Amino acid sequence: MNLVAVFLYSMWHIFLPGESTPILVALKMIGTKKQSLLKIGLGLGLSNGFIIIVCLSLGVFFSATFERYATILSVVIRIMGILVFFVASAYILFRLKRYNEISKSNTISAQTSIIEKHPLKSGLLIGAIPSFADLGFLFIGTMIQPAKLYLAIIVIWLGVLVSFTLVCLILGAIPIELLKRKYSKCSQWLHIIAASTLIFMGFWLGYMLWKDYSYYL
2 MNLVAVFLYS MWHIFLPGES TPILVALKMI GTKKQSLLKI GLGLGLSNGF
52 IIIVCLSLGV FFSATFERYA TILSVVIRIM GILVFFVASA YILFRLKRYN
102 EISKSNTISA QTSIIEKHPL KSGLLIGAIP SFADLGFLFI GTMIQPAKLY
152 LAIIVIWLGV LVSFTLVCLI LGAIPIELLK RKYSKCSQWL HIIAASTLIF
202 MGFWLGYMLW KDYSYYL
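Heads up: take any position in the sequence shown, counting from 1, add 1, and you land on the numbering used here.
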């Protein structure tokens with residue numbers, strides 16, 4: 002297996018449906034600070050990289066065993082991904098409620114944010130939930146020789162960390178705070194748009210899950 006291709010896929014896979022990248026975008030939209038966003042991205046890269054390496058290792062050593070459980074594993078993981086999007090949207094709506102409650106005071110809404118207080122832990126938690134795209138590394142593992150597994154692990158972890166870091170740096174450069182200062186209602190609308198987008202993605206992933214497996218019913 003070409004390690005360059007593995008590296009590129011490990012970077013590209015974070016943009017596939019069910020991955021946590023849209024959550025990073027939503028968190029930026031609601032005003033998460035650049036430093037916190039980078040810590041969340043680091044946490045995502047570390048824990049998602051670990052999940053990917055587990056999938057890769059299972060593909061290398063236990064591919065025949067997991068083949069018979071592929072369908073149920075896919076369904077469970079996709080349901081978990083859907084729940085992550087709904088939980089993230091609920092968190093943003095809660096933030097909006099808190100923002101409205103303190104809008105007449107001098108309190109900064111970020112002070113009430115759990116994710117803002119614990120960005121690295123939040124990233125580790127979100128990234129530890131496997132996505133459907135991570136299952137692709139099970140099949141990649143079947144094409145890697147056990148002797149080259151350690152190289153693949155290094156390449157994958159680098160790819161995931163680099164990709165999440167680049168996304169966070171790009172998002173961090175977007176001047177959301179300027180929009181908030183210029184337009185008083187901007188923050189509320191950004192919260193609503195971010196939450197609505199994540200809810201839509203959750204329903205869309207649910208529809209795709211039903212479409213793929215409805216023939217079993």
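C-beta atoms are modelled at their ideal positions from N, C-alpha and C, and glycine is treated no differently. The structure displayed is predicted, hence computed values, not measured ones.
Alpha carbon to alpha carbon, how far is Ala195 from Leu47? Give it in angstroms, no decimals. One-based indexing of the sequence shown puts residue 47 at position 46. One-based indexing of the sequence shown puts residue 195 at position 194. Near 25 Å, if we compare the C-alpha coordinates of Ala195 and Leu47.
Would the beta-carbon of Lys35 fall within 7 Å of that of Gly173? Working through the sequence shown from its first residue, we reach residue 35 at position 34. Working through the sequence shown from its first residue, we reach residue 173 at position 172. Yes. Within cutoff.
Assigned exposure category for Pro176 - 16 Cβ within 10 Å defines buried: Taking the sequence shown and counting its residues from 1, the one referred to as residue 176 is at position 175. Burial is judged here by how many other beta carbons sit within 10 angstroms of a residue's own beta carbon; Pro176 has fewer than 16 and is exposed.
Please determine, among Arg96, Phe138 and Phe140, the residue with the shortest C-alpha to C-alpha distance to Lys29. Locating residue 29 in the sequence shown gives position 28, where the first residue counts as 1. Of the candidates Arg96, Phe138 and Phe140, the one whose C-alpha sits nearest the C-alpha of Lys29 is Arg96.
Answer with buried or exposed for Ser123, where buried requires no fewer than 16 other C-beta atoms within 10 angstroms of its C-beta. For the purposes of this step, residue 123 is taken as the residue at position 122 of the sequence shown. Per the 10 Å Cβ criterion, buried.
Straight-line CA distance for Ala6 to Met12? Position 5 of the sequence shown, counting from 1, holds the residue named residue 6. Position 11 of the sequence shown, counting from 1, holds the residue named residue 12. C-alpha separation (whole angstroms): 10 Å.
Could you spell out where the alpha helix (DSSP H) holding Tyr70 opens and where it closes? Within the sequence shown, numbered from 1, the residue matching residue 70 stands at position 69. It is not in any alpha helix (DSSP H) - Tyr70 carries neither H nor E in the DSSP assignment.
Outcome for Ile80 when other beta-carbon atoms lying within 10 angstroms are tallied against a minimum of 16: Walking along the sequence shown from the start, residue 80 turns up at place 79. The residue is exposed, with fewer than 16 neighbouring Cβ atoms inside 10 Å.
Hey, would you say Ile93 sits closer than 7 Å to His192, going by beta carbons? Counting from one through the sequence shown, the residue named residue 93 turns up at place 92. Counting from one through the sequence shown, the residue named residue 192 turns up at place 191. In contact: Ile93 and His192 (Cβ atoms closer than 7 Å).
Label Ile155 either buried or exposed according to how many other C-beta atoms from any shown protein chain fall within 10 Å of its C-beta, with 16 as the threshold for buried. Sequence index remark: in the sequence shown, residue 155 carries index 154 (1-based). When all chains shown are included, Ile155 counts as exposed.
Test item: CB-CB of Phe165 and Leu57 under 7 Å: The residue given as residue 165 occupies position 164 in the sequence shown. The residue given as residue 57 occupies position 56 in the sequence shown. Not in contact: Phe165 and Leu57 (Cβ atoms no closer than 7 Å).
Do Val61 and Leu180 have their C-beta atoms closer together than 7 Å? Within the sequence shown, numbered from 1, the residue matching residue 61 stands at position 60. Within the sequence shown, numbered from 1, the residue matching residue 180 stands at position 179. Pairing Val61 with Leu180 gives a Cβ-Cβ distance that is not under 7 Å.
Considering only the alpha carbon of each residue, which of Ala27, Leu43, Leu9 and His14 lies closest to Ile200? The residue given as residue 200 occupies position 199 in the sequence shown. Checked all of Ala27, Leu43, Leu9 and His14; the closest Cα to Ile200 is Ala27.
Burial state of Leu162 (16 or more Cβ within 10 Å): Taking the first residue of the sequence shown as 1, we reach residue 162 at position 161. By the beta-carbon neighbour count (other beta carbons within 10 angstroms, threshold 16), Leu162 is buried.
Rounded to whole angstroms, what is the Cα-Cα separation between Leu158 and Tyr208? Position 157 of the sequence shown, counted from the first residue, corresponds to residue 158. Position 207 of the sequence shown, counted from the first residue, corresponds to residue 208. Per the sequence shown, residue 158 should be read as Trp rather than Leu. Using only the alpha carbons, I get a separation of about 31 Å.
Burial state of Val85, where buried means 16 or more other Cβ atoms lie within 10 Å: The sequence position of residue 85 within the sequence shown is 84, counting from 1. Buried: at least 16 other Cβ atoms inside 10 Å.
Reference Ser90, options Ser37, Val168, Leu210 and Thr198, closest by Cα: Taking the first residue of the sequence shown as 1, we reach residue 90 at position 89. Of the candidates Ser37, Val168, Leu210 and Thr198, the one whose C-alpha sits nearest the C-alpha of Ser90 is Thr198.
Figure out for me which residue from Gly160, Ile130 and Gly44 has the closest Cα to the Cα of His119. Walking along the sequence shown from the start, residue 119 turns up at place 118. Comparing alpha-carbon positions, the option among Gly160, Ile130 and Gly44 lying closest to His119 turns out to be Gly44.
Is the Cβ-Cβ distance between Gly42 and Cys169 less than 7 Å? Locating residue 42 in the sequence shown gives position 41, counting from the first residue. Locating residue 169 in the sequence shown gives position 168, counting from the first residue. Yes; because the gap between Cβ atoms is below 7 Å, this pair is in contact.
With DSSP collapsed to three states, give me the class of Leu180. Walking along the sequence shown from the start, residue 180 turns up at place 179. Looking at Leu180 - three-state DSSP - the assignment turns out to be helix.
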